[in-house]
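A.B. asks: Residue numbers for the sequence shown follow numbering that gives the first Met the number 0, so the first one is 0 and each next one is one higher.
The beta-carbon is built from N, C-alpha and C at its ideal position, and this holds for glycine as well.
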Amino acid sequence: MPDIVVGDWVLLNEKHQFIRLLDRKTCFQRKAPGTRMKYQLISANVDTAFIVSSMNADFNLSRIERFLAVVHEAGAEPVIVLSKSDLVSSPETYLEQIRTLGTNLMVEAVNCLDIQGVSKLNDWLNTGDTVCVLGSSGVGKSTLINTLTGETSQRTGAIREDDKKGRHTTTRRSLIELACGALILDTPGMREIQITDCKSGISSTFIDIENLAMNCRYKDCQHQAEPGCAVRKAVESGNLESRRVDNYHKLRREEALNSASLTERRARDKALGQYYKRTLKEAKKFKGR
0 MPDIVVGDWV
10 LLNEKHQFIR
20 LLDRKTCFQR
30 KAPGTRMKYQ
40 LISANVDTAF
50 IVSSMNADFN
60 LSRIERFLAV
70 VHEAGAEPVI
80 VLSKSDLVSS
90 PETYLEQIRT
100 LGTNLMVEAV
110 NCLDIQGVSK
120 LNDWLNTGDT
130 VCVLGSSGVG
140 KSTLINTLTG
150 ETSQRTGAIR
160 EDDKKGRHTT
170 TRRSLIELAC
180 GALILDTPGM
190 REIQITDCKS
200 GISSTFIDIE
210 NLAMNCRYKD
220 CQHQAEPGCA
230 VRKAVESGNL
240 ESRRVDNYHK
250 LRREEALNSA
260 SLTERRARDK
270 ALGQYYKRTL
280 KEAKKFKGR
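What follows is the structure, encoded as structure tokens:
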């Protein structure tokens, strides 16, 4: 039986017995939490990902970029949903910050408790569409889903006042059908989301930096202190935020480290499997004497 995740389509026989897993058009995965080097599948066949971030002290552009890299790598369309618009005097301040991440990036500011407000998201909730909801704990993911479904299908919880971070209220992934015919997937809050095999996703998320890098004097420029670096020039002129460049380097280093570690683990597992096969074969020969 293959690994199956929420959103997968499977082929069954007339007795509802499993035959095979159908090909995935998109697949979300991350490095599993903790120190063990392995993948964790998050969801499959998602058309759009709502990346939810609250407009409070937990608002973090670098974390949003991390989610964007994962969504781009999966092949889904990202939509930034800024929640708790009713609690801030100027949502436009947050919207402007998001727009610095990409000119074509879709972003909406909503009050997740307001039916009229969340109707801004209807363009991505058509019949047959599958949408996943990503974001840290306490940003309003479950509240948003409850408003979209018109019922309390997901438990919600208050945020901690000391650091404005949420407690986990969703502990499992669930796929919910909306009245409009769309499917929406809730996921447990993911404050730790380490990326692996995500080169394409990082490139898409930081396309502005990658385009600038094409004008660097040296092809192998690391955008640190090399002469003729177009990326550093953009930072110094104020056209590019240094925070964004730093996060670009951070995600690339993390991706390279995790991918290399997983490759090494696959090689070790393969070698160990071959060793077990040889040992079992020799044991059978010895037993037959």
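Taking buried to mean at least 16 other C-beta atoms within 10 Å of its own C-beta, is Asp57 buried or exposed?
C.D. replies: For the purposes of this step, residue 57 is taken as residue 58 along the sequence shown, with counting starting at 1. With 16 or more other Cβ atoms within 10 Å, it is buried.
A.B. asks: Taking the CB atoms as reference points, tell me whether Trp43 and Arg23 lie closer together than 8 Å.
C.D. replies: Looking up residue 43 in the sequence shown gives position 44. Looking up residue 23 in the sequence shown gives position 24. It should be noted that the sequence gives Ala, not Trp, for residue 43. Closer than 8 Å, so yes.
A.B. asks: With a threshold of 6 Å on Cβ separation, who are the neighbours of Ser258 within its own chain once the five nearest residues in sequence on each side are excluded?
C.D. replies: For the purposes of this step, residue 258 is identified with residue 259 of the sequence shown, where counting begins at 1. Correct list, in chain order: Thr195, Asp196.
A.B. asks: Roughly how many angstroms separate the alpha carbons of Lys232 and Asp245, rounded to a whole number?
C.D. replies: In the sequence shown, counting from the first residue as 1, residue 232 sits at position 233. In the sequence shown, counting from the first residue as 1, residue 245 sits at position 246. Near 14 Å, if we compare the C-alpha coordinates of Asp245 and Lys232.
A.B. asks: Taking 8 Å as the cut-off, does the region 76-89 touch the region 118-135 (at least 3 CB pairs, one atom from each stretch)?
C.D. replies: Because the criterion of three Cβ pairs below 8 Å is met, the region 118-135 and the region 76-89 touch.
A.B. asks: When the Cβ atoms of the region 58-66 are set against those of the region 240-255, are three or more pairs found closer than 8 Å?
C.D. replies: Flag = yes, the region 58-66 and the region 240-255 touch.
A.B. asks: What are the boundary residues of the alpha helix (DSSP H) that includes Asp207?
C.D. replies: To locate residue 207, count along the sequence shown from 1; it is residue 208. From DSSP, the alpha helix (DSSP H) with Asp207 extends over 206-212.
A.B. asks: What separation, rounded to the nearest whole angstrom, lies between the Cα atoms of Thr170 and Asp185?
C.D. replies: Taking the first residue of the sequence shown as 1, we reach residue 170 at position 171. Taking the first residue of the sequence shown as 1, we reach residue 185 at position 186. At Thr170 the pLDDT is 48, less than 50, meaning the model places this residue with poor confidence and gives no usable figure here.
A.B. asks: Strictly under 8 Å for the Cβ-Cβ distance: is Ser53 near chain D by that measure?
C.D. replies: You won't find chain D in this structure, because it holds only one protein chain.
A.B. asks: Roughly how many angstroms separate the alpha carbons of Ile201 and His15, rounded to a whole number?
C.D. replies: Position 202 of the sequence shown, counted from the start, is the residue given in the question as residue 201. Position 16 of the sequence shown, counted from the start, is the residue given in the question as residue 15. About 40 Å.
A.B. asks: Indicate the three-state DSSP secondary structure (helix, strand or coil) for Ser241 in the structure shown.
C.D. replies: Numbered from its first residue, the sequence shown carries residue 241 at position 242. Three-state DSSP puts Ser241 in a helix.
A.B. asks: Please report the straight-line C-alpha distance between Leu147 and Met213, rounded to a whole angstrom.
C.D. replies: On the sequence shown, position 148 is the one that residue 147 refers to. On the sequence shown, position 214 is the one that residue 213 refers to. Their Cα atoms are separated by approximately 44 Å.
A.B. asks: Under three-state DSSP, which class holds Asp57?
C.D. replies: Counted from its first residue, the sequence shown places residue 57 at position 58. The answer is coil: DSSP assigns Asp57 none of H, G, I, E or B.
A.B. asks: How far does the alpha helix (DSSP H) with Ser82 in it reach, from first residue to last?
C.D. replies: By 1-based counting over the sequence shown, the position of residue 82 is 83. Premise fails: Ser82 lies in the beta strand (DSSP E), 76-82, not in any alpha helix (DSSP H).
A.B. asks: Here's a check: name, in chain order, each residue in its chain whose Cβ is nearer than 8 Å to the Cβ of Arg29, leaving out the five neighbours to either side.
C.D. replies: If you number the sequence shown from 1, residue 29 lands on position 30. Cβ neighbours of Arg29 beyond the five flanking positions: Tyr38, Gln39, Ile41, Val69, Met189, Ile192, Gln193, Ile194, Thr195.
A.B. asks: Relative to the C-alpha of Val130, which candidate in Val138, Leu21, Ala75 has its C-alpha closest?
C.D. replies: The residue labelled residue 130 in the question sits at position 131 within the sequence shown. Of the candidates Val138, Leu21, Ala75, the one whose C-alpha sits nearest the C-alpha of Val130 is Ala75.
A.B. asks: Looking at the unbroken beta strand (DSSP E) that takes in Val130, where does it start and where does it end?
C.D. replies: Indexing the sequence shown from 1 puts residue 130 at position 131. That run of the beta strand (DSSP E) goes 129-133.
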